[in-house]
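For the protein sequence lines, the chains are A and B, in the order given.
The opening residue of the first sequence carries number 1 in my numbering; numbering runs sequentially from there.
The opening residue of the second sequence carries number 403 in my numbering; numbering runs sequentially from there.
Ideal Cβ positions, reconstructed from N, Cα and C, are used throughout, including at glycine.
Have a look at the structure below, then the notes.
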Amino acid sequence: MAAASSSSLHATAAALHGVGAAASSKPRAAAPGARSVRVAAAARRSGSVRARGGMVARAAVAVTCLVFCIPFFFCGRLLHEVLLFEALREALIEEMKADPTVYVFGEDVGHYGGSYKVTKGLAEMFGDLRVLDTPIAENSFTGMGVGAAMKGLRPIIEGMNMGFLLLAYNQISNNCGMLHYTSGGQFKIPVVIRGPGGVGRQLGAEHSQRLESYFQSIPGLQMVACSTPYNAKGLMKAAIRSENPVVLFEHVLLYNLKEKIPDEEYICCLEDVEMVRPGEHVTILTYSRMRYHVMQAAKTQVNKGYDPEVIDIRSLKPFDLHTIGNSIKKTNRVLIVEECMRTGGIGASLRAAIIDNFWDYLDAPIMCLSSQDVPTPYAAPLEDATVVQPAQIVAAVEQICQ
Amino acid sequence: MAAASFTAAKFFAPVAARSGGDRAPLHASSSLWPRTKPAPRLRTALAVSDVLSGNKAAPAAAVHPSATRDEALELYEDMVLGRVFEDMCAQMYYRGKMFGFVHLYNGQEAVSTGFIKLLNQADCVVSTYRDHVHALSKGVPARSVMAELFGKATGCCRGQGGSMHMFSAPHNLLGGFAFIGEGIPVATGAAFAAKYRHEVLKESGPDGLDVTLAFFGDGTCNNGQFFECLNMAQLWKLPIVFVVENNLWAIGMSHVRATSDPEIWKKGPAFGMPGVHVDGMDVLKVREVAKEAIERARRGEGPTLVECETYRFRGHSLADPDELRKPDEKSHYAARDPIAALKKYIIEQNLATESELKSIEKKIDDVVEEAVEFADASPLPQRSQLLENVFSDPKGFGIGSDGKYRCEDPLFTQGTAQV
């Protein structure tokens with residue numbers, strides 16, 4: 001079961017990032033010198049026309065893109081293949097080389113190389129102080145990150161599992177989120193808090209948590225969730241460079257996703273969404289691992305004649321209401337698919353924001369598929385029933401499009 | 403100045419590890435405290451200052467640390483500033499000029515002055531909610547602190563922090579924290595940054611590492627963050643001094659009712675750092691111990707835990723009726739008022755005359771009155787200030803439905819934008 005699902009993730013990723021469907025990623029790779037994230041973002045938000053379904057049309061697009069790409073290939077727009085955790089590591093290495101105030105710390109990040117190998121080799125490159133192995137004291141070492149940030153360093157705090165950061169909640173809420181404000185703007189807290197979270201493979205309830213709902217109310221914090229090697233590297237770099245405290249949610253099951261990413265330096269905009277699959281019938285908003293369940297369901301939906309528009313919201317706080325809004329104005333139907341718990345989750349907030357801003361454009365109530373409000377069970381069938389599965393997404397699209 | 407050298411490697415058996423000065427019997431306020439001295443515990447694992455003497459008779463004979471005229475007057479002025487300021491806070495609170503929870507420092511001035519007057523501008527101070535006097539000692543102008551307490555836009559935190567959240571970047575005051583214990587990791591991080599700057603960025607001050615002082619109380623010493631930070635600070639030899647202001651009470655909870663072993667200084671050696679106990683009602687003794695601890699840190703030898711026996715003359719906050727503390731305990735410590743003690747020392751040592759001291763007091767009265775006038779005359783924050791400091795980079799408010807960043811909305815600078 002595990003092997004099948006993970007290979008389906010790879011397959012989905014491959015389908016996503018194959019030439020046909022990856023029209024959204026092309027402008028980034030193709031636009032020369034598009035270091036400026038705003039340039040790329042503006043291009044996306046203008047809603048350029050994309051290819052519609054059908055094998056012939058896709059093939060035509062593929063050939064066109066290939067032809068379009070060849071000159072850039074010779075201009076040095078080289079790509080290299082990485083796994084997601086390697087993409088994160090590349091981002092860390094690049095930023096740590098560029099800025100000596102950037103450093104990483106957490107449990108087992110140094111000599112062990114990180115429990116998911118994101119920091120593998122970094123301690124040899126940068127030394128034990130810049131890749132600091134901490135004792136098991138999340139609240140205190142997170143607070144240390146805050147203090148160091150106030151004194152001009154740029155810490156990256158790793159939670160070995162995001163769930164462990166519940167122990168650091170005092171520091172994340174009171175200090176990361178608040179100190180810039182309560183100090184009247186005197187101190188900034190440019191920390192990055194990152195780590196693996198989400199429901200994995202029978203890891204048990206405490207290792208299968210989704211903290212995005214717990215952190216989303218904290219004023220002063222930004223939250224992003226990466227889902228592909230491309231956006232993992234881009235978001236990590238953006239988070240490190242940001243003057244704000246940023247929580248970067250990684251997912252335990254996505255670390256081995258493979259993708260070709262540019263050799264050239266790039267960053268992603270922290271506040272933007274990512275258009276995954278343009279469509280006409282329904283706007284599906286998702287993030288992190290559920291993106292892949294949505295895309296798997298999308299294949300089935302397309303065969304049944306539906307045309308979903310899939311948006312990976314990426315920025316969990318704040319929401320990019322512009323791209324989301326444009327999509328809703330086009331499709332008039334919204335389905336939110338998330339791994340967060342139903343109660344007080346990202347979906348709940350997103351629903352409220354959409355109703356506040358785009359009520360007049362809705363032809364149907366917003367549907368939200370979330371995880372069950374259940375501590376993730378260990379047993380496989382129960383765990384599967386806790387998160388949203390592609391079949392449910394297919395059924396939801398059918399229902400909402402009636 | 404009497405030498406007060408101590409190193410982590412020196413282990414002395416404790417007999418009665420107290421510095422000079424009568425200590426109020428611990429059992430004064432609790433019937434649970436054993437009447438007899440507890441059986442000596444492990445006698446080996448201790449490192450104590452030479453200031454602490456081996457038997458009860460010795461303290462009286464111990465050489466009292468001395469000060470020059472300039473030092474003594476500086477200390478006197480700083481303590482008087484702290485006292486007069488806090489008294490004025492009480493007045494202003496009862497007149498409805500400041501609100502919420504206000505925690506006054508009366509009685510504890512020797513700790514703040516004794517430690518902070520030894521620091522450079524680049525050294526850092528981290529405090530708790532009882533932070534007004536730490537701010538003043540560190541050099542934050544009285545008018546900025548008072549304006550902050552009045553909630554005015556000219557306050558050191560633009561009126562956004564209040565009594566419990568005093569910050570000053572120019573003076574390296576890193577807060578002001580309402581939750582006890584949560585400032586200690588911040589202080590440890592600031593110390594880490596000092597070490598990082600020295601070792602990774604190759605930046606060093608001429609004197610050595612920049613030192614951080616973390617001030618907190620007896621109640622905090624039962625909190626996890628305290629222990630976690632003692633461990634990490636010693637592990638990485640961070641330039642920090644942990645200063646415990648043991649005033650015996652955490653609101654209404656007596657220290658001995660909350661703590662299995664009330665002798666906090668002993669917890670330092672448990673983590674491998676020196677633990678020192680000092681009479682926190684005597685500014686010269688505090689200063690002597692502080693000097694050693696700060697210089698240790700500056701040399702890169704790591705942290706020290708200093709327990710200061712002190713007392714707050716007022717309640718926990720201005721809202722505290724202070725009914726649990728016994729009158730004889732209060733009068734015992736009132737008799738050890740640090741300002742009166744220093745005044746007596748100055749007069750007896752002929753460092754200054756009574757009238758010189760009076761003129762310092764008058765000067766401070768004027769400073770504090772001026773601070774009140776300034777705070778009174780200052781404007782309240784405008785509505786436009788509401789959203790400005792939520793994010794250092796206001797792009798963090800995200801992109802609105804019109805495609806523009808919300809912080810570009812003109813209503814943002816009016817404080818009324820929908821974010």
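C-alpha gap between residue i and residue j, whole angstroms
i, j, result
"A/Ile311", "A/Val273", "7 Å"
"B/Met655", "B/Glu725", "12 Å"
"A/Ser288", "A/Ala396", "19 Å"
"A/Thr228", "A/Lys317", "19 Å"
"B/His600", "B/Gly578", "26 Å"
"B/Leu521", "B/Phe618", "18 Å"
"B/Leu603", "A/Ala391", "54 Å"
"A/Ser208", "A/Ser115", "15 Å"
"A/Phe358", "A/Ile366", "11 Å"
"B/Glu853", "A/Leu179", "Outside the modelled stretch of chain B, which goes from 403 to 821, sits residue 853 of chain B, for which no answer is possible."
"B/Met494", "B/Arg532", "17 Å"
"A/Gly163", "B/Lys728", "46 Å"
"A/Leu78", "A/Arg314", "25 Å"
"A/Cys340", "A/Ile346", "7 Å"
"B/Phe408", "B/Glu694", "Because B/Phe408 sits at a pLDDT of 41, beneath the cut-off of 50, its placement in the model cannot be relied upon, and the following sentence gives the value as read from the coordinates. One C-alpha to the other measures close to 8 Å."
"B/Asn508", "B/Asp684", "14 Å"
"B/Asp722", "B/Ile653", "8 Å"
"A/Ile261", "A/Cys226", "14 Å"
Per DSSP, cross-strand counterpart(s) of residue i
i, result
"A/Arg154", "A/Val102"
"B/Asn648", "B/Glu711"
"B/Gly677", "B/Leu707"
"A/Arg277", "A/Val310"
"A/Gln222", "A/Val246"
"A/Leu83", "A/Lys258"
"A/Lys317", "A/Met223"
"A/Cys368", "A/Ile336"
"A/Asp133", "A/Gly106"
"B/Phe628", "Answer is none; B/Phe628 lacks a bridge partner."
"B/Phe618", "B/Val646"
"B/Cys526", "B/Thr614"
"B/His505", "DSSP output for B/His505 lists no bridge partner at all."
7 Å Cβ shell around residue i - same chain, five flanking residues per side excluded
i, result
"B/Thr590", "Cys631, Met634, Ala635, Leu640 and Ile642"
Buried or exposed (CB count within 10 angstroms, at least 16 for buried), residue i
i, result
"B/Gln562", "buried"
"A/Gln399", "exposed"
"B/Ala616", "buried"
"B/Phe501", "exposed"
"A/Gly159", "buried"
"B/Thr556", "buried"
"A/Ser370", "buried"
"B/Gly704", "buried"
"B/Asn752", "exposed"
"A/Arg201", "exposed"
"B/Arg714", "buried"
"B/Gly564", "buried"
Nearest residue (CA-CA) to residue i, options the options
i, options, result
"B/Ala692", "B/Asp609, B/Gly670 and B/Thr515", "B/Thr515"
"A/Ala380", "A/Asn231, A/Gly204 and A/Gly113", "A/Gly204"
"B/Ala672", "B/Glu697, B/Gly717 and B/Phe628", "B/Phe628"
"B/Leu707", "B/Phe503, B/Gly677 and B/Glu731", "B/Gly677"
"A/Ile93", "A/Leu78, A/Ser208, A/Ala123 and A/Val276", "A/Ala123"
"A/Val394", "A/Pro308, A/Thr323, A/Ala353 and A/Phe187", "A/Pro308"
"A/Gly198", "A/Ser327, A/Thr376, A/Ala385 and A/Arg77", "A/Thr376"
"A/Asn174", "A/Gly163, A/Ser140 and A/Glu206", "A/Ser140"
"B/Leu611", "B/Thr815, B/Glu771, B/Ile766 and B/Lys597", "B/Lys597"
"B/Thr470", "B/Leu686, B/Pro723 and B/Asp730", "B/Leu686"
"B/Leu759", "B/Lys746, B/Gln816 and B/Glu771", "B/Lys746"
"A/Tyr169", "A/Tyr214, A/Tyr255 and A/Val387", "A/Tyr214"
Beta-carbon proximity list for residue i, same chain, < 6 Å, skipping 5 on both sides
i, result
"A/Lys117", "Phe85"
"B/Ser780", "Ala549, Lys554 and Thr556"
"B/Glu709", "Val646, Asn648, Ile666, Trp667 and His679"
"A/Leu88", "Val118, Ala232 and Met236"
Contacts around residue i, its chain only, beta-carbon distance under 8 Å, and the 5 residues preceding and following it disregarded
i, result
"A/Gly113", "Thr119, Lys120, Gly121, Leu122 and Ala123"
"B/Ser431", "The predicted model places B/Ser431 with a pLDDT of 38, which falls under 50 and marks its position as unreliable; any figure quoted below should be read in that light. Correct list, in chain order: Leu650, Ser656, Val658, Leu726, Arg727, Lys728 and Glu731."
Residue i Cβ short of 7 Å to the ligand FMN heavy atom set
i, result
"B/Gly717", "In the structure on display, the ligand FMN does not appear, and there are no ligands present to speak of."
Q | Under 9 Å (Cβ pairs) to chain C, residues found in the stretch 592-608 of chain B | A | Chain labels in this structure do not include chain C; the protein chains are A and B.
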